[in-house]
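Residue numbers are given in the numbering used here: position 198 of the sequence shown equals residue 299, and the series is strictly consecutive. C-beta atoms are modelled at their ideal positions from N, C-alpha and C, and glycine is treated no differently. As the structure is a computational prediction, the values presented were derived from the model and not from experiment.
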Amino acid sequence: MDVVVRRVGGAALELVRGDITQQQVEAVVNAANPSLMGGGGVDGAIHRAGGPAILEACKQVVRTLPGGRLPPGEAVLTTGGRLPSRYVIHTVGPVWRGGSEGEEEVLARAYGSSLRLAQAHGLRSVAFPSISTGAYGFPVERAASVALRTVVEFLRENPGVFDRVRFVLWSDRDLDTYRRALEKLLPAIGAGGAGSPAGA
Ligand code: AR6
């Protein structure tokens, strides 16, 4: 398996290509919509693989939400049903509308809310899909940089909270995009030693 691992704040920050429903972590994050009633992409895959217990739990959660909807940028937790992960954290990313309607901020909040919720429940390993870059149309390069920046900042500000935060990318191309964004954010110390310019 093609895996990229960097250590940040005592946690392993991992990039892998794969299926979010197959991850052996305590919680996987669902790229949901505000109804929490399921959909396509990651959402469909999670409900299919996890079984009806997830939808039942979502219905209960929805009853507690103002207006019966989960606003973009927020997150809630349910059982993982039959998934290998015990919990699903459902969050809603922004629909891409060209980039000038606060999409980056909402995407960052979706990642941040999910991490805080996992932390509040004492969960030590979480796997994210690439939120908003499918049906919601967020350009993957920009999304990768927002996602990684948000997670890296959280891990640095909250050292020791997580053992593992994993990004599960559906295609080689997305994995490559995330790999490049991570390299930009946390340049590896090259063969020339610390201080040598990257790519020299
Ligand atoms: N594992 C990992 N990544 C996946 C998987 C999988 N099993 N399946 C798809 N992807 P999307 P969004 C990738 O559309 O853009 C739903 O209908 C996919 O290739 O799942 O946030 C919801 O109900 C893409 O790179 O999420 C909402 O209505 C990424 O996951 C809406 O879609 C996200 O694609 C949310 O759209």
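Under the three-state reduction of DSSP output, Thr234 falls in the coil class, being neither helix nor strand.
Following the DSSP letters along the chain, one finds Leu270 inside the beta strand (DSSP E) bounded by residues Arg265 to Leu270. Linking Leu178 to Val262 through their CA atoms gives a straight-line distance of about 18 Å. Inside the segment 168 to 232, DSSP marks whole beta strand (DSSP E) runs of 3 or more residues at positions 176 to 180, 188 to 193 and 226 to 229, from first to last along the chain. By the beta-carbon neighbour count (other beta carbons within 10 angstroms, threshold 16), Leu287 is exposed. Residue pairing by DSSP places Val129 opposite Val189 and Ala228 in a beta bridge.
Counting only the Cα atoms, Leu184 lies some 15 Å from Gly119. By the Cβ criterion, the segment 249 to 258 is not in contact with the segment 162 to 170, since fewer than three pairs of Cβ atoms, one from each stretch, lie closer than 8 Å. Here Leu208 is near Ala248, since their CB atoms are less than 9 Å apart. Rounded to whole angstroms, the gap between the alpha carbons of Ala146 and Gln124 is 13 Å. Contact between the segment 238 to 247 and the segment 152 to 159 is absent: fewer than 3 CB-CB pairs across the two stretches fall below 8 Å.
For Val126, the closest alpha carbon among the candidates Arg250, Asn259, Asp273 and Val227 is that of Val227. For Gly151, the shortest C-beta to heavy atom distance toward the ligand AR6 is 8 Å or greater.
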